[in-house]
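Numbering follows UniProt numbering, with no gaps: position 105 of the sequence shown is 105.
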Amino acid sequence: LETSISLFVHDLLSLHCFHIHIYTIQQVRTGCSEPGDTVTLPCGVHSNISIIVVEWSRTDLETEYVFLQRGSRSESFNEHESFKNRVELKDREKKDGDVSLILRNVTFNDTGTYECRVVQRRTNHRKSFILETDPINIINLRVVEPGELVCVFFYLLVLLICCTLHKYVKLHLSIKFDFIFDF
């Protein structure tokens with residue numbers, strides 16, 4: 001669940017503009033899921049340069065990773081045991097730079113911060129490789145009890161109503177929800 005919140009506060013003396021939106025080359029997204037669901041962790045590069053390595057990791061796993069693909073082959077060496085036979089790329093051919101990861105049968109133990117890294121080949125006079133040392137996408141996944149997601153949406157609805165009823169300051173609140181997971 002990606003949330004983008006823009007707050008515009010107008011008063012008589014000045015105009016204050018607060019814009020909170022996490023969107024850079026390194027995107028940070030948050031999502032919730034229930035045990036047993038299949039989720040898609042989105043990641044992609046906006047380039048037609050060929051992708052030669054895709055790595056998905058979780059920050060608390062240290063040296064083990066969630067998924068690694070070199071060329072067209074997935075590698076299970078050093079893959080964390082809990083992800084074996086539960087992860088794959090959404091598009092194995094990585095068309096249009098899509099390196100989103102499908103995670104099946106999520107459990108409470110899957111809660112964590114996932115990072116996507118990509119190595120691309122650049123052709124010029126010399127062949128060289130570009131390694132993005134920083135993740136290009138970060139997903140904060142939270143696996144919750146069934147029914148808990150309804151509570152989150154109810155809370156946001158109450159927040160929206162309270163902000164709308166505020167009398168002294170004209171407040172504009174826009175909330176954008178992008179469901180990043182396939183339920």
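Glycine is no exception: its CB is placed at the ideal position from the N, C-alpha and C atoms.
All values derive from a computational prediction rather than experimental measurement.
Whole angstroms are fine: how far does the CA of residue j sit from the CA of residue i?
i: THR123; j: SER50; result: Its pLDDT being 48, under 50, THR123 is placed unreliably by the model, and nothing is read from it.
i: LEU61; j: GLY97; result: 26 Å
i: GLU132; j: GLU64; result: Any reading at GLU132 needs caution, since the residue's pLDDT is 44, under 50, leaving its predicted position unreliable; the model's value is listed next. Roughly 18 Å separates the two Cα atoms.
i: ARG70; j: THR30; result: 27 Å
i: THR107; j: SER76; result: 20 Å
i: residue 187; j: VAL39; result: Past the boundaries of the shown model lies residue 187; the chain is included only from 1 to 183, so the question cannot be answered.
i: ARG52; j: GLU93; result: The question names Arg, but residue 52 is Ile in the sequence shown. One C-alpha to the other measures close to 11 Å.
i: LYS127; j: GLN120; result: Below a pLDDT of 50, predicted positions are generally treated as unreliable, and LYS127, at 38, falls in that range; the measurement from the model is reported next regardless. Computed Cα separation, rounded: 11 Å.
i: GLU81; j: SER33; result: 21 Å
i: VAL144; j: LEU103; result: 15 Å
Could you say which of the options lies nearest to residue i if we only look at CA atoms?
i: ASN140; options: THR113, VAL118, VAL119 and SER82; result: THR113
i: ARG142; options: VAL99, VAL119, ASP110 and ARG121; result: ASP110
i: GLU79; options: LEU89, ASN85, LYS90 and PHE67; result: PHE67
i: GLY44; options: PHE83, GLU145, SER57 and LEU101; result: LEU101
i: PRO135; options: SER47, GLY36, ASP91 and GLU55; result: GLU55
Taking the beta strand (DSSP E) that residue i belongs to, which residues open and close that run?
i: SER82; result: Looking at the DSSP string, SER82 is not in any beta strand (DSSP E), and its letter there is neither H nor E.
i: THR40; result: 39-41
i: VAL87; result: 87-89
i: ILE102; result: 101-103
i: ARG92; result: Element bounds for ARG92: n/a, residue is neither H nor E.
i: PHE108; result: Segment: none, PHE108 is in no beta strand (DSSP E) and carries neither H nor E.
With DSSP as the reference, identify every bridge partner of residue i, one or two as the case may be.
i: GLU115; result: SER57 and ILE138
Checking contacts by CB at 9 Å: is residue i closer than that to chain C?
i: PRO146; result: The question asks about chain C, but that chain is absent: this structure has only one protein chain.
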